[in-house]
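Numbering (numbering that gives the first Met the number 0) for the sequence shown: 0 to 510.
Note that CB positions come from ideal geometry on N, CA and C, so glycine has one too.
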Amino acid sequence: MVSSVSLVFALTLGSLSLGGLRVLGTLVSSGFDGTCDAIAAAISNSSQVFFPGTLFHCPPNQEYQPKGAFAEGAPQYAADNKHMFQSSSAASACSVEPGSVQDISQILGVLGATRTPFAVKGAGHATNPGFSSTSGVEVALIRFKELNIDTAAGTVDLGAGLTWDEVYAALNSSGFNVVGGRIPTVGVAGLTLGGGYSFMSSQSGLALDNIIAFELVMPNGTVTTVTSENADLWFALRGGLNNFGVVTRFTLKLYPQGQVWGGTLNLTSSQLEAAKQAILAYQPDKDVKAAVSPFISYSPEGVVPSFILFYDGPTPPPGIFDDFLAIPTNASDVSTRSFTDLISSLSYVNAPPGRRGYYNGIPTTQYSRAVVDAIVNQTLVWGTRLSALDESLFFSTAMEPFNSGLLSHGSDSAYPPDRSLAVLPTVVNLAYSNSALDDIMAGALREYSDSIQAAAVADGQNVSSAAPYINYALFDTPLDILYGDNLPRLRTIRELVDPEDVMGLAGGFKI
């Protein structure tokens with residue numbers, strides 16, 4: 000990579016853009032603009048670099064134009080930098096949309112040589128600040144939209160820029176499905192590299208347990224395919240997030256898919272006790288095709304329960320969801336439908352647009368009375384306190400009672416660090432509007448989460464040092480908690496794969 004990077008800088012010094020004009024001679028830039036120009040000089044015509052304001056930078060051999068004359072520039076820069084929350088978005092010096100793995104190789108070469116901070120964005124569902132956003136260079140994988148079905152092999156290739164709702168829509172008429180995300184706009188890349196819980200997880204494990212191969216651009220620019228034959232990288236990529244390079248394609252197992260049954264039951268605060276009893280009575284080991292997500296949410300009227308129900312078939316057998324269905328609902332859309340239609344109906348689970356916010360994961364092994372009571376009681380306590388600070392508060396906890404064999408479907412991987420213990424990925428979603436409250440809200444979320452975990456420990460659950468789901472974990476969660484005994488091996492692999500610490504320039508949980 001040294002020679003190609005040197006060539007990039009030679010080109011950059013000879014021809015730069017400043018104020019929308021091509022300038023010959025010396026490098027003149029502010030901040031990270033020089034890096035952005037070097038990237039623009041290095042990439043092919045299949046890729047583009049976008050700047051904020053009025054400048055639009057094209058690939059080499061094309062004329063540089065003001066964005067006013069090339070209208071896609073400004074909105075594309077904004078789209079590339081947009082994330083789930085305002086607080087997890089950032090204004091990058093530029094965004095680049097690579098259109099090939101070769102261009103990603105060139106981009107990583109420039110970033111490593113200049114030691115420029117960067118981020119890699121799949122769909123932007125990351126909730127932690129700086130994890131897939133940056134003030135440096137935003138590498139947006141939006142152009143990696145490949146989706147190729149191989150029914151003979153029983154696999155599908157998915158580009159890293161796809162969202163799961165795009166995947167399900169494309170597979171809808173094929174009679175097949177994959178183990179993937181449950182909510183619209185969640186990206187294939189982030190969910191899969193961090194684990195990937197699914198409506199199908201009790202049947203087939205995590206998304207990462209269903210990977211056949213990764214296409215990976217390594218930190219040194221080498222493009223390779225990683226399978227189970229590559230023991231170290233195979234282990235590291237499954238749960239190791241963005242620490243080992245840029246994954247551009249995932250090959251996953253296909254499963255037959257027909258109609259499903261499911262939807263949302265919305266209740267009122269007056270039905271809280273009945274909802275609690277239904278949660279306690281639910282038996283996740285009774286039928287692996289069943290899944291339920293109980294939500295406990297704060298509202299000015301009090302604590303409000305709701306449920307997402309799912310069955311992988313047109314009708315669930317009696318005795319699976321009876322306790323939930325017996326509760327009078329405020330509204331319900333539970334029905335027999337296509338899988339795609341079900342996923343589309345769940346967009347409300349995302350926090351309202353334009354908010355700031357955080358997620359956090361809470362490890363539990365059972366939704367016992369002690370844990371459910373703690374969630375309900377602490378939701379009321381913290382919801383009351385925080386809504387007094389910001390009346391736009393959105394505060395909700397989702398329980399995820401999977402089958403006890405949840406983690407038995409895959410081989411050893413970076414996450415989870417312990418497959419012998421089926422830790423349930425409880426998640427708290429906290430959203431608000433006032434940026435002055437960022438630290439207060441993060442601290443409150445941590446205290447709330449700790450109180451629920453403490454209730455589980457007091458109830459006899461072996462979760463005092465259990466790993467929360469990485470994709471839910473708050474930004475300050477220690478690495479030794481997330482990866483446990485896997486951390487030394489992961490650090491050894493990272494040193495071998497990335498001795499120059501290129502991926503250390505990107506945000507996230509850094510191994």
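{"query": "With DSSP as the reference, label L473 as helix, strand or coil.", "result": "coil"}
{"query": "Checking 8 angstroms against the spacing of the C-beta atoms, do Y482 and P416 come in under that value?", "result": "yes"}
{"query": "Whole angstroms is fine: what's the gap from V427's alpha carbon to L279's?", "result": "19 angstroms"}
{"query": "Ends of the beta strand (DSSP E) at E446?", "result": "Careful: E446 lies outside any beta strand (DSSP E), inside the alpha helix (DSSP H) at 437 to 457."}
{"query": "Alpha helix (DSSP H) containing R336: first to last residue?", "result": "That residue, R336, is in no alpha helix (DSSP H); its beta strand (DSSP E) goes 334 to 336."}
{"query": "Scan the segment 301 to 330 and note each continuous alpha helix (DSSP H) run of 4 residues or more that stays entirely inside, going in chain order.", "result": "321 to 324"}
{"query": "Helix, strand or coil for G193? Go by DSSP, reduced to three states.", "result": "helix"}
{"query": "Closest by CA to A466, which one among P362, S407, S43?", "result": "P362"}
{"query": "I'd like to confirm the pairing. Which residues does DSSP put opposite A289 in its beta bridges?", "result": "Y310"}
{"query": "Got a sec? Which residues, its chain only, sit under 6 angstroms from F49 by beta carbon, not counting five neighbours each side?", "result": "G72, Q75, Y76, S94"}
{"query": "From this set, R490, T113, P498, A472, which residue's C-alpha is nearest P128's C-alpha?", "result": "A472"}
{"query": "Name the residue from N359, P283, M440, G442 whose alpha carbon lies nearest to the alpha carbon of F401.", "result": "P283"}
{"query": "Determine the burial state of P498: buried for a count of at least 16 other Cβ atoms within 10 Å of its Cβ, exposed for fewer.", "result": "exposed"}
{"query": "Can you tell which of G174, I492, Y357 has the C-alpha that lies nearest to the C-alpha of S87?", "result": "Y357"}
{"query": "Within the same chain, show all residues whose beta-carbon is closer than 6 angstroms to that of D164, passing over the 5 residues directly before and after it, in chain order.", "result": "P183, I342"}
{"query": "Quick one: grab the DSSP three-state call for R355.", "result": "strand"}
{"query": "Would T113 and T34 be called neighbours here (beta carbons separated by less than 8 angstroms)?", "result": "yes"}
{"query": "Would N44 be called buried (16 or more neighbouring beta carbons within 10 Å of its own) or exposed?", "result": "exposed"}
{"query": "What's the C-alpha gap between D458 and Q452?", "result": "10 angstroms"}
{"query": "When you compare only the Cα positions, how much space is there between S203 and P255?", "result": "12 angstroms"}
{"query": "Mapping DSSP to helix, strand and coil, what is N147?", "result": "strand"}
{"query": "Which same chain residues, not among the five before or five after T267, have their C-beta less than 6 angstroms away from its C-beta?", "result": "N329"}
{"query": "Using alpha carbons as the reference points, say which of A421, A274, R418, Q258 lies closest to T339.", "result": "Q258"}
{"query": "Flag this pair as yes or no: are the beta carbons of V178 and G195 separated by less than 8 angstroms?", "result": "yes"}
{"query": "On the premise that S132 lies in contact with A118, defined as a C-beta separation below 8 angstroms, what is that separation, rounded to the nearest angstrom?", "result": "5 angstroms"}
{"query": "Out of V380, G186, L406, point me to the one whose CA is closest to T364's CA.", "result": "L406"}
{"query": "Could you tell me whether the Cβ atoms of V225 and L215 are closer together than 8 angstroms?", "result": "yes"}
{"query": "Hey, quick one: how far does the beta strand (DSSP E) through Q47 stretch, first residue to last?", "result": "47 to 49"}
{"query": "Pick helix, strand or coil for N265, following the three-state DSSP scheme.", "result": "strand"}
{"query": "By a C-beta neighbour count over all protein chains shown, 10 Å radius and 16 as the cutoff for buried, is A188 buried or exposed?", "result": "buried"}
{"query": "What is the DSSP secondary structure of K509, reduced to helix, strand or coil?", "result": "coil"}
{"query": "Would a C-beta distance cut-off of 8 angstroms place L385 and F393 closer than the cut-off?", "result": "no"}
{"query": "What residue from L236, Q276, A89, A350 has the CA that sits closest to I185's CA?", "result": "For clarity, residue 185 is Val in the given sequence; the question names Ile instead. Nearest of L236, Q276, A89, A350 to V185, Cα basis: A350."}
{"query": "Just to confirm the assignment: which complete beta strand (DSSP E) runs, minimum length 3, are found wholly within the segment 213 to 253?", "result": "222 to 225, 245 to 252"}
{"query": "Taking all protein chains shown into account, do 16 or more other C-beta atoms lie within 10 angstroms of the C-beta of Y468, making it buried, or fewer, making it exposed?", "result": "buried"}
{"query": "Please go through the same chain and pick out, in chain order, the residues whose beta-carbon is closer than 6 angstroms to the beta-carbon of F31, but skip the five residues on each side of it.", "result": "A92, T115, G135"}
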